[in-house]
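Chemist:
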Amino acid sequence: MTRRKIVAGNWKMNGSVESVVELVKGLNACDTLDVVVAPSFVYLPLVAQQLVDSSIKLAAQNASEYNSGPYTGEVSLSMLQDFSVSHVILGHSERRALFAETDTQVAKKVAATLAAGLTPILCVGETLEQREVGTTLAVCNAQVDAVLNEIGVELFEQVVVAYEPVWAIGTGKSATSEQAQEVHKGIRDNIATQSAEIAEKIAILYGGSVKASNSAELFAQPDIDGALVGGASLDAKEFNSIIESAK
Ligand code: PEP
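Residue 232 in my numbering sits at position 228 of the sequence shown, with consecutive numbering throughout.
1. From this set, His96, Glu182, Asp229 and Val24, which residue's C-alpha is nearest Ser237's C-alpha?
2. I'd like to know if Ile10 contacts chain B, where contact means its C-beta is closer than 8 angstroms to some C-beta of that chain.
3. Considering only residues of the same chain and omitting the five flanking positions on each side of Asn194, which have a CB-CB separation below 7 angstroms?
4. Is DSSP giving Ile191 helix, strand or coil here?
5. For Leu118, write down the residues that DSSP places opposite it in a beta bridge.
6. Please classify Leu84 as buried or exposed, where buried requires at least 16 other C-beta atoms within 10 Å of its C-beta.
7. Among Trp171, Leu94, Val114 and Val46, which one has its Cα closest to the Cα of Glu136?
8. Tell me which same chain residues have a C-beta within less than 8 angstroms of the C-beta of Glu168, skipping the five on either side of it?
9. Let me know the beta strand (DSSP E) ranges lying completely inside the segment 12-57, each 3 residues or longer, listed in chain order.
10. Please tell me whether Ser68 and Glu78 are closer than 8 angstroms, where the distance is taken between their beta carbons.
11. Measuring straight from C-alpha to C-alpha, what distance separates Leu2 and Ile93?
12. For Leu27, count neighbouring Cβ atoms within 10 angstroms of its own Cβ and tell me buried if that reaches 16, exposed if not.
13. So, with DSSP's three-state summary, where would you put Gly235?
14. Check this for me: beta carbons of Lys205 and Arg7, under 8 angstroms apart or not?
15. Any chance you could list the beta strand (DSSP E) runs of at least 3 consecutive residues sitting entirely within the segment 155-228, in chain order?
16. When the Cα atoms are used, what is the spatial distance from Lys16 to Leu48?
17. Restricting to Cα atoms, I'd like to know which of Ile125, Glu154, Thr108 and Thr175 is closest to Gly230.
18. Among residues of its own chain, excluding the 5 on either side of Leu81, which ones have a beta-carbon nearer than 7 angstroms to its beta-carbon?
19. Classify Ala64 as helix, strand or coil using the three-state DSSP reduction.
20. Please go through the same chain and pick out, in chain order, the residues whose beta-carbon is closer than 7 angstroms to the beta-carbon of Ile105, but skip the five residues on each side of it.
21. Closer than 6 angstroms by C-beta to Gln198: which residues in its own chain qualify, once you throw out the five before and the five after it? Chain order, please.
Structure (structure tokens):
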């Protein structure tokens, strides 16, 4: 089956009012695939305003699993909805490693995101040590299973998975297209044990040092349905080339 591709840019904690405005001005929308950008929370209103007449979609880089209340420093899903956010990146390895987010917490965030009618982009991936001892698929599938157990396979159809090997994020060292394809297929096969139909439908993005020079080869793989791009998404020209290669 042909799945609609998604190219998402994770801007992480980068940018300024000036640079964000310039970056958005330089981006090309595309009718045949979903282009998504994820600025820092504080720039969401600004970018939302700039994208009013654009098909480019807006993502947050995180969200609280709670609706409202005494959670200092957190941002709720209803707040994100106020600014036309359609996607939420969840379980990014930086959040798991630096902010101690657990599989259980990520699963609750995915459930809350779906309940709010937004699309979660669920990041999973192994560390270099885990790859070297041969537990890559076990690690990725355990992260997926935590969510499957929380929400059930039917709702999982609305989840976008991003396979992001931790050792490839921000390192300039991308997984080869064969390495990525192998894990994407393994993730899809694991979901298929619960529902072959849903496994075929869900988008699995690759993330980890994606750039214009390696994106086409990655996108040519049968189970790679697009990319979650970090560093290269901060350069409009480079990001546009990645989008172009996904067409
Ligand atoms: C990311 O942070 O999701 C990512 C994939 O980063 P980079 O493309 O810079 O490796």
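Virtual Cβ for every residue (Gly too), placed ideally from N, Cα, C.
Modeler: Let's see:
1. Val24
2. No chain B appears in the structure shown, which is made up of a single protein chain.
3. Asn145 and Val148
4. helix
5. Partner(s): none; Leu118 has no beta bridge.
6. buried
7. Trp171
8. His96, Ser97, Cys127, Val128, Gly129, Tyr210, Gly211, Gly212 and Leu232
9. 38-42
10. yes
11. This structure gives no information on residue 2, because the portion of the chain shown stretches from 5 to 251.
12. buried
13. helix
14. yes
15. 164-167 and 208-211
16. 12 angstroms
17. Ile125
18. Ala67, Ala116, Thr117, Ala120 and Leu122
19. strand
20. First, the amino acid is wrong: residue 105 is Glu here, not Ile. Counting only Cβ-Cβ distances below 7 angstroms, and skipping sequence neighbours, we find Gly95 and Arg99.
21. Val157
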